[in-house]
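Have a look at the structure below, then the notes.
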Amino acid sequence: MRLLDTYGRIIKDVRISVTPRCNLHCLYCHPLGLEVAEPPGTLTVEDVDHFLEAASLLGLSAVRFTGGEPLVRKELPQMIARAREKEGIEDVAITTNGLLFAKRAKELVKAGLNRVNISLDAITPEVFTRITRGGRVERVLEAIETALELGLHPVKLNAVVIRGMNEEEVVPLAGLSLERPLHMRFIEYMHLDNSDPEEYRRRFVPGKETRARIEAVYGPLEPVPHDPSSPARVYRIPGAKGTVGFINPVTEPFCSHCSRLRLTSDRKLRPCLLTDLEMDIAWAFAAEEPVEALVDAILIATQRKPAFGNTLPTLRKRVMLGIGG
């Protein structure tokens, strides 16, 4: 079965935010330093099980658990195990800042995790600490080594590039792909933090500038075939074992290929990251037959998926921390 929205896009991926809590305070994620607690009605393991059963019945084949930081949820291995049990769900991944990954990796793999995205906005310790408000890059590098040792390929690394913070880091970060099968992706800074619009514009770095920085050192990048529904445009430094990718939602929107739905930790279903459109589907989780009700909710959300998101600086009802990465 293929689930199509009103624009003919195949919907096959779901991202589930299991918590808004995080053990870092990255400047672009919640720049106001807001403390976020677990909201009433946070998703349970049973909720995740019911939702993924409904999603699998509709043909969705990939799930990624996000946050906040998903590893602060002790129940994450149980959620991963439930995902692996669903017929048709072939890809079970997490997005993590890596701080707790080395400690919990084996239990996650035992539960069925087969892929990991790790945030790495800088490799210079002082820059990393500044942008994350206190994080230690050594723990993230340990997480990357652990993921490689456990065979969680492809190991993807994500960096949000922000002028005045980490644009000088992109060349050494790209260099991580030279000797290891790492997939380094550079992401344009989206206005999902409700920062001052003028400040946002000053700090925005277009993907083409990031690519030019890398090519000035390593030469022209070689295109790599990739899934057209993936947001990253993927390249290789000549001779490298890994790849570099560019996710440019602002200057090169990929809405026409979007295959995603997002479920927030407080049971809201979002058909688009870059709009405030969301559906409260708590009623479906509470229904006598929750799987049937959630099938209906997913179908409704899919039909409400807009053609395009709004990448302009806009006051958002939710910042990225509350939506989920």
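First residue of the sequence shown: 152, per the working numbering; consecutive thereafter. Even for Gly, the Cβ is constructed at its ideal location relative to N, Cα and C.
- Annotated three-state conformation of Y386 is strand, per DSSP.
- Per DSSP, the unbroken beta strand (DSSP E) holding L412 starts and ends at 411–414.
- DSSP, read as helix, strand or coil, puts I451 in helix.
- The count of Cβ pairs closer than 8 angstroms, one atom from the stretch 158–176 and one from the stretch 214–225, reaches three, so the stretches are in contact.
- In the three-state scheme derived from DSSP, where H, G and I count as helix and E and B as strand, V401 is classed as coil.
- For P379 and H408, the gap between their C-alpha atoms comes out near 7 angstroms.
- For I269, the enclosing beta strand (DSSP E) starts and ends at 266–270.
- If you keep only unbroken beta strand (DSSP E) runs of at least 3 residues inside the stretch 273–319, you get 306–312.
- According to the DSSP assignment, A433 belongs to the alpha helix (DSSP H) that extends over 433–436.
- The Cβ neighbour count for P441, taken over all protein chains shown within 10 Å, is at least 16; the residue is labelled buried.
- For a cut-off of 8 angstroms, the C-beta gap from T247 to L271 is around 11 angstroms, too long to register as a contact.
- Nearest Cα to Q454 within the set R354, T462, L428: L428.
- Taking all protein chains shown into account, T157 has fewer than 16 neighbouring C-beta atoms within 10 Å of its C-beta and is therefore exposed.
- Secondary structure at F337: strand, using DSSP grouped into helix, strand and coil.
- Close CB contacts of T465 within its chain, under the 7 angstroms cut and outside five residues either way in sequence, are with H342 (chain order).
- It is roughly 13 angstroms from the alpha-carbon of M152 to the alpha-carbon of L450.
- From the listed residues G390, V312, V321, V356, the smallest Cα separation to E330 is found for G390.
- By the Cβ test, the stretch 341–360 is in contact with the stretch 309–322, since at least three Cβ pairs between them sit closer than 8 angstroms.
- The beta-carbon distance between V401 and T462, rounded to whole angstroms, is 5 angstroms. This is short enough to meet the 8 angstroms contact definition.
- Spanning the alpha carbons of R235 and E350 requires a straight line of approximately 43 angstroms.
- Per the DSSP secondary-structure output, R421 pairs in a beta bridge with R413.
- Rounded to the nearest angstrom, the gap between the Cα atoms of R255 and A262 is 11 angstroms.
- Comparing C-alpha distances from S410 to each of N309, K225, F459, V288 shows the shortest one belongs to F459.
- Under the three-state reduction of DSSP output, A325 falls in the helix class.
- Counting of Cβ neighbours within 10 angstroms places P382 among the buried residues, the total reaching 16 or more.
- About 7 angstroms separates the beta carbon of L303 from that of N265, a gap short enough to meet the 8 angstroms contact definition.
- In the same chain as G249, and ignoring 5 residues on each side of it, the C-beta atoms closer than 6 angstroms to its own belong to I269, V291, A294, in chain order.
- Sequence-distant partners of L227 (beyond 5 residues in either direction) whose C-beta falls short of 6 angstroms from its own C-beta, in its chain, are P221.
- The beta carbon of E373 is closer than 7 angstroms to those of Y386, R387, P389 in its chain, skipping five residues each way along the sequence.
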